[in-house]
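Everything on this sheet refers to the single structure shown next.
Residue numbers (the numbering used here): 13 to 208.
Okay, here's the thing in structure tokens:
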């Protein structure tokens, strides 16, 4: 849902987007945590999550049977950005998790995504790169903590934080407010009132 909102913002407002890592459940161990369904329960989304997914056109989005350990996938995203292929990697990872119910913490799943995106697995997983991408992810996670981000999706628009699967109208309101602020700043001239 966040991806759809971002794509609309890019088209409507020509905004620059930089995706960052965030761990919703930092205590998730390698291998993930199973999320079993109750007897007779399906993997279909319900309630506000279904409404938000439908609004975003994500008709194949499903509840997942596992909470994945996402660090390897986040590190791979940093590598994909360095290679200029982040958008394709990001979309393929979303599809693998939300539509295909794959464990995006599994190196074999990530390797398959790399193949689809024409990314060099050996270049990413080489011993000389060991730890480099992990530190870059850790820096991004520290930045999220600094901003007080505790949930996803989260968006920083100029100096405003929007958290949660908000309707697109919320983003339009924030963007209108930002544009108004910028216009007002452009009208202010030194010597005309209090210093800012």
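The C-beta atom is built at its ideal place from N, Cα and C for all residues, glycine as well. Keep in mind it's a predicted model, so treat the numbers as computed, not measured.
Residue 188, buried or exposed, once every other Cβ within 10 Å from all chains shown has been counted against 16: By the neighbour-count rule (16 or more Cβ atoms within 10 Å), residue 188 is not buried but exposed.
Who are the near neighbours of residue 90 in its chain, counting only those whose CB is closer than 7 Å to its CB and skipping five residues on each side? Excluding positions up to five away in sequence, the list reads 145, 148 and 149.
May I ask you to verify whether the stretch 168 to 177 touches the stretch 117 to 129, counting CB pairs closer than 8 Å and requiring at least 3? Because the criterion of three Cβ pairs below 8 Å is not met, the stretch 168 to 177 and the stretch 117 to 129 do not touch.
Integer-rounded CB distance, given that residue 82 should sit under 8 Å from residue 117: With a Cβ gap of about 6 Å, residue 117 and residue 82 count as contacting.
For the stretch 166 to 195, which segments carrying the beta strand (DSSP E) assignment without a break, of at least 3 residues, lie completely within its bounds, in sequence order? Segments of the beta strand (DSSP E) lying fully in the stretch 166 to 195: 166 to 169 and 172 to 175.
Can you pull the DSSP bridge partners for residue 48? Among the bridge pairs identified by DSSP, residue 48 is matched with none.
Using a 10 Å radius around the Cβ and a threshold of 16 neighbouring Cβ atoms, would you call residue 87 buried or exposed? Of the other Cβ atoms in all chains shown, 16 or more fall within 10 Å of the Cβ of residue 87; this residue is therefore buried.
Using a Cβ-Cβ cutoff of less than 7 Å, which residues in the same chain neighbour residue 104 once the five nearest sequence positions on both sides are dropped? Residues 125, 128 and 129 of the same chain have their beta carbon placed closer than 7 Å to that of residue 104, with the five preceding and five following residues left out of the count.
So residue 186 and residue 169 are supposed to be a Cβ contact under 8 Å. How far apart are they, rounded? 5 Å between Cβ atoms; contact.
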